[in-house]
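Those sequence lines, one after another, are chains A and B. Residues in the first sequence are numbered consecutively from 5, following my numbering. Residues in the second sequence are numbered consecutively from 2, following my numbering. Here the structure is laid out as C-alpha cells; the discussion comes afterwards.
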Amino acid sequence: MELNKPTKRDKQKSAGPTESEAGELYNSVKSSKPLFASNAAAAEATSRQLQELAEQNGMTVTALIEQAHTTRDTQDYHIEALKLERQLAFLRR
Amino acid sequence: MSPRKHDWASLQTYLNAHERVLRHYSRYMDHPVQYKHTRVTENYLVLECLNIMFTTYNGTKVRVDITKDVEIDDSIPNRERALTFGYSYNANRPGVGNLLRYDSPDPEAARGPSTPAHHYFHHKHDWSSGTEVIVKVRDDEWPHVDQFFQEVLTRL
Numbered sequence: 005m006e007l008n009k010p011t012k013r014d015k016q017k018s019a020g021p022t023e024s025e026a027g028e029l030y031n032s033v034k035s036s037k038p039l040f041a042s043n044a045a046a047a048e049a050t051s052r053q054l055q056e057l058a059e060q061n062g063m064t065v066t067a068l069i070e071q072a073h074t075t076r077d078t079q080d081y082h083i084e085a086l087k088l089e090r091q092l093a094f095l096r097r
Numbered sequence: 002m003s004p005r006k007h008d009w010a011s012l013q014t015y016l017n018a019h020e021r022v023l024r025h026y027s028r029y030m031d032h033p034v035q036y037k038h039t040r041v042t043e044n045y046l047v048l049e050c051l052n053i054m055f056t057t058y059n060g061t062k063v064r065v066d067i068t069k070d071v072e073i074d075d076s077i078p079n080r081e082r083a084l085t086f087g088y089s090y091n092a093n094r095p096g097v098g099n100l101l102r103y104d105s106p107d108p109e110a111a112r113g114p115s116t117p118a119h120h121y122f123h124h125k126h127d128w129s130s131g132t133e134v135i136v137k138v139r140d141d142e143w144p145h146v147d148q149f150f151q152e153v154l155t156r157l
C-alpha cells in the first residue's frame, strides 16, 4: 500500500505538525475554559445560534435542518447547522 | 471479549491520535490543517477540521469536512477520558457535489415522528454513483477519521 511507503518527495511535502508539536491539541484543550457553566445555558445559546443561522439563510430552523440533511450541495452553513443540531441534542439529553 | 472499536480513551490519547492522523495524511492535502476545538461545557468538546482539500490517488480534488462531538468524563481528577458522541464526515467534489457522508444517529432525545428512519442508525450517504444511496452502518463499525480519509483517497 502506498501509504506505508511514502516517497522522499511525500515526506518533504508533508507540512503538518512536526513530532515536537504533537500534543499541541491536547495542551490547547487542557488549557481552554468552557464557554458555558451548564448544559442549560449552552443549550439556550446553541438554540439561538441555530435560529440566527436559519434567519441569515432565509429559512426556518426546521427547513434548514432538513436541507442540511438532504442536499447534495453541502455548504458551510449546512455543516454548521448539522453541528448545532447535534450540539443541542447532546446538551438536552 | 474483544475490545470495542469506539470506546472511552484517555483524553490525551484521543486527541493525540486525531492530531497524528492529520499529520499522516497531510502529504495528500493541498495545505496543512489543524483541528479547531471548542470546549462548550466542562464535559463537551467539539472538534472541527473543515475545508481539507485532498488530491486522491486518482487525481480527484475532494474537499473533506470533519466535525466530532466529544464527551469528556472528568470524574477522576487528571485522568480525563474522551468518547465520540456524534460526528459527521463529509466528502465533496467542488463544483459537482457531495460524494460521501457518514453521520452518527440522532440522539434518542432528538428523535420524533418526523425523524427519517436512517437517523436511528449510524449511516453513510453515498452519491458516488450519481444517485444517493443510504447505507446503515453497524454500531461499532463506523469509521475512524483515518479510515474515512483512506476511503476518500482510494475510492474517489
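Cβ coordinates follow ideal geometry from the N, Cα and C atoms, glycine included.
According to the DSSP assignment, B/L101 belongs to the beta strand (DSSP E) that extends over 98-104. Going by beta carbons, B/R102 and B/H126 fall inside the 7 Å limit. Residue-level contact by beta carbon holds for A/L29 and chain B, with a gap shorter than 7 Å. DSSP, reduced to helix, strand and coil, places A/R97 outside both helices and strands of the structure shown, so it counts as coil. Taking CB atoms only, A/R52 has no neighbour in chain B less than 7 Å away. Judged by DSSP secondary structure, B/H19 falls within the alpha helix (DSSP H) whose first and last residues are 12-26. Assigned with DSSP and collapsed to three states, B/F149 falls in helix. For B/E43 against B/D66, the beta-carbon gap comes to about 26 Å, at or over 8 Å, which does not count as contact. When B/Q148, B/N91, B/E20 are compared, the shortest CA-CA separation from B/K6 is found for B/Q148. Straight-line spacing of the CA atoms in B/D107 and B/D31 works out to 33 Å.
Contact of B/N99 with chain A by beta-carbon distance below 8 Å involves T75, R76, D77, T78. Assignment of B/D127 by DSSP, reduced to helix, strand and coil, places it in the strand class. In the assembly as shown, A/A45 is an exposed residue. Its beta-carbon has fewer than 16 other beta-carbons within 10 Å. Not a single CB atom of chain B sits nearer than 7 Å to the CB of A/I69. For B/G131, no chain A residue has a Cβ inside 8 Å of its Cβ, as the nearest lies near 10 Å away. The beta carbon of B/L84 sits closer than 6 Å to the beta carbons of W9, E72 from its chain, once the five residues preceding and following it are set aside; these are given in chain order. Among the residues of chain A, those whose CB is under 8 Å from the CB of B/G87 are R90, A93, F94, following chain order. Counting only the Cα atoms, B/T155 lies some 38 Å from A/R97.
With contacts defined by Cβ atoms closer than 7 Å, A/R90 and B/D70 form a contacting pair. Residues of chain B with a Cβ closer than 8 Å to the Cβ of A/A46 are, in chain order, V41, T42, Y45. If you look at B/E49, you'll find it in the beta strand (DSSP E) that goes 45-56.
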